[in-house]
Amino acid sequence: MLLLAVPLTIAGKAVAGYLAGRVGGFTDRQSLNAGLALVAHGEFTIILAEVAAENPDISAGVRADLVAFAGLYVLATATLGVLLMKESKGLGRALFRPRRLIREGVP
C-alpha cells in the first residue's frame with residue numbers, strides 16, 4: 000500500500016503545485032519548484048492517524064496498522080520531498096529548457 004501511496008502523493012502534489020504556480024503567473028521552473036516543495040509536507044496525515052488511533056470503533060490491530068502506515072508514509076514523503084526540492088533546479092532545467100533568442104537578420 001505504501002509503495003502505491005507515496006508515488007501517487009508525490010505526483011499529485013507536484014502537479015497540483017505546478018498548476019497552481021502557472022495560474023499564479025510563475026514560470027514553468029518556478030511552478031515546478033513550488034510543486035516539489037509541497038511533497039515534504041505530511042502533517043495532516045499524522046493528525047488523521049491520531050484520530051483513527053483513538054477511535055474505539057476501529058479494531059486495535061487496524062489502528063496499529065494505520066499508525067504504522069502514517070508514520071512510514073510521512074517519513075517517506077518527507078525524505079523524498081527534501082531530496083526532490085534539493086534537485087528541483089536541475090529537474091527544472093532538464094524538463095524546461097530555456098528558450099533561445101533569435102537574432103534578426105541571421106539565418
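When the letters of the sequence shown are read in order and numbered with numbering that gives the first Met the number 0, they come out as residues 0 to 106.
Every residue gets a Cβ at the ideal spot worked out from N, C-alpha and C, and that includes glycine.
These numbers come from a predicted model, not from an experiment.
DSSP state of Ala36, grouped into three classes?
-> The answer is helix: DSSP assigns Ala36 an H, G or I state.
Under a three-way DSSP split, which group does Glu49 fall into?
-> Three-state DSSP puts Glu49 in a helix.
On the premise that Ala39 lies in contact with Val5, defined as a C-beta separation below 8 Å, what is that separation, rounded to the nearest angstrom?
-> A Cβ-Cβ distance of about 12 Å is found for the pair Val5 and Ala39, leaving them out of contact under the 8 Å criterion.
Quick one: is Ile111 buried, meaning 16 or more other Cβ sit within 10 Å of its Cβ, or exposed?
-> For the chain, the structure presents residues 0 to 106; residue 111 sits outside this window and is missing.
First and last residue of the alpha helix (DSSP H) that includes Gly11?
-> Taken as a continuous stretch (DSSP letters only), the alpha helix (DSSP H) holding Gly11 covers Leu1 to Val22.
In three-state DSSP terms, what is Phe95?
-> DSSP places Phe95 in coil when its eight states are reduced to three.
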